[in-house]
Amino acid sequence: MGEYSTLSQLEENQSHYEEWIRELGVVSPASDHLMKLKKIPLFHVLKTLPDEQTLINFKNVLEMKKLISKKKLLSMGIFAESLGGTLSFDESFSRNEFVYFSSHFLQKSFSEMIVFTGSCQSIVGNVIYPDAFFCNDIAMYTNLMSSKTDLDSYKKSMLKVENGVDIVARIIEVTYPNLAEFNVFDPLPYIPASLPFYGMDGWFNPEVAVKNEVLLNDEIRILITGKSDFTNQAGIIARRYGINPLIFNKREDMVNWYRNILVED
């Protein structure tokens with residue numbers, strides 16, 4: 001990704017996020033909901049085409065007990081698709097060094113998914129910037145027709161992890177005064193065009209990035225959504241490795257599961 005942003009640049013980025021949430025009406029983070037919102041599960045979707053490759057990747061992740069970046073795999077002499085989800089165009093910006101977890105789903109067309117999910121703490125642990133950071137999804141800055149990416153605007157979306165999680169919590173707080181209406185598939189508010197991290201269309205899909213690998217632990221759950229031969233096979237593979245995944249027959253059941261985490265006492 002070239003030169004990392006300096007800490008002073010991250011502070012400047014933070015000031016632009018603060019400007020945005022003031023426009024949204026978030027004056028103070030002192031809310032009864034805030035600490036709970038900071039614990040909202042992040043997720044990593046393991047989904048490639050064809051389905052057979054996804055199942056092979058799933059088995060490899062469980063066998064290694066970690067999600068691994070594409071660059072880390074290559075350093076291990078494994079010339080295979082990333083077990084951490086990055087795509088080929090990510091290599092141009094060294095994003096293939098990282099594994100990414102999101103706070104929202106934008107893949108609305110996916111009815112069948114294998115999802116790794118956990119709290120930010122369970123995913124990031126004690127890793128700090130620049131080996132872990134918060135950002136807006138780089139796809140929000142990439143023109144898929146020309147494959148050109150506005151890397152400068154993307155880098156202006158980067159924050160320290162803890163600051164980014166705080167921003168997302170405060171945005172969710174004002175977007176969903178009633179957390180019982182929270183839907184992890186609904187988009188968050190659009191970024192105003194006046195801000196330097198606006199991107200292509202203002203879409204905001206927050207991500208947390210961890211360099212090299214994310215170790216699977218007891219706090220990271222596996223969710224399988226959809227009812228098909230593909231998801232049945234995924235469940236069988238998980239159980240072979242002693243894992244009992246949460247299985248949802250339809251996406252709405254997953255939405256309710258995420259929502260209940262926020263509304264439960």
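Heads up: the sequence shown at position 17 corresponds to 17 in full-length UniProt numbering, and the numbers run straight through without jumps. In this text, a Cβ means the ideal position worked out from N, Cα and C, and glycines have one as well. In this text the structure is predicted, and so the values were computed from the model without any measurement.
Query	Result
To the nearest angstrom, how far is the alpha carbon of L188 from that of P206?	9 Å
Please work out which residues of its chain come closer than 8 Å, Cβ to Cβ, to H104, disregarding the five sequence neighbours upstream and downstream, and give them in chain order.	V184, F185, D186, P187, L188, N205 and P206
Given 8 Å as the limit, is there contact between the stretch 109 to 124 and the stretch 31 to 47, that is, 3 or more CB pairs closer than that?	yes
Taking only the alpha-carbon atoms, compute the straight-line gap between K160 and I128 and give it to the nearest angstrom.	8 Å
CA-CA distance, N143 and R95?	17 Å
Identify the continuous alpha helix (DSSP H) that holds E112 and give its terminal residues.	E112 -> no alpha helix (DSSP H), and no H or E assigned at all.
Which residues bound the beta strand (DSSP E) around N217?	Looking at the DSSP string, N217 is not in any beta strand (DSSP E), and its letter there is neither H nor E.
Do you know offhand how far S102's Cα is from V165's?	11 Å
Have a look at Y17 and T149 and give me their C-alpha separation to the nearest angstrom.	21 Å
Beta-carbon separation of L215 and L246 under 8 Å?	no
Mind listing, in chain order, the continuous beta strand (DSSP E) runs of no fewer than 3 residues lying wholly within the stretch 123 to 203?	132 to 136
Identify which residue in G25, L10, A132 and V210 has its Cα closest to the Cα of E173.	G25
Mind checking E97: buried by the 16 CB within 10 Å criterion, or exposed?	buried
Could you give the first and the last residue of the continuous beta strand (DSSP E) run that contains S69?	First-last for S69: undefined, no H or E at that position.
Cutting at 6 Å between CB atoms, please list the residues of its own chain near G226, excluding the five before and the five after it.	S111 and E112
Helix, strand or coil for T225, going by three-state DSSP, please let me know.	strand
For L34, collect the residues of the same chain with a Cβ closer than 6 Å to its Cβ; drop the 5 residues on either side in sequence, then sort them by chain order.	A169
Are the beta-carbon atoms belonging to E23 and P196 less than 8 Å from one another?	no
What residue from I171, V263 and A132 has the CA that sits closest to I21's CA?	I171
What residues in its chain sit with their C-beta under 8 Å from that of A180, if we drop five residues either side in the sequence?	R259 and V263
How big is the Cα-Cα spacing for R251 and V115?	12 Å
Thinking C-alpha only, which one of D152, Y190 and E162 is nearest T175?	Y190
Work out the CA separation of Y100 and N256 for me, nearest whole Å.	23 Å
How many Å lie between I236 and E52 at the Cα?	14 Å
May I ask which residues mark the beginning and end of the alpha helix (DSSP H) holding F58?	D51 to M64
Could you compute how far the alpha carbon of V45 sits from the alpha carbon of E63?	18 Å
Tell me which same chain residues have a C-beta within less than 6 Å of the C-beta of D152, skipping the five on either side of it?	none
So is L67 buried or exposed if we call it buried at 16+ other beta carbons inside 10 Å?	buried
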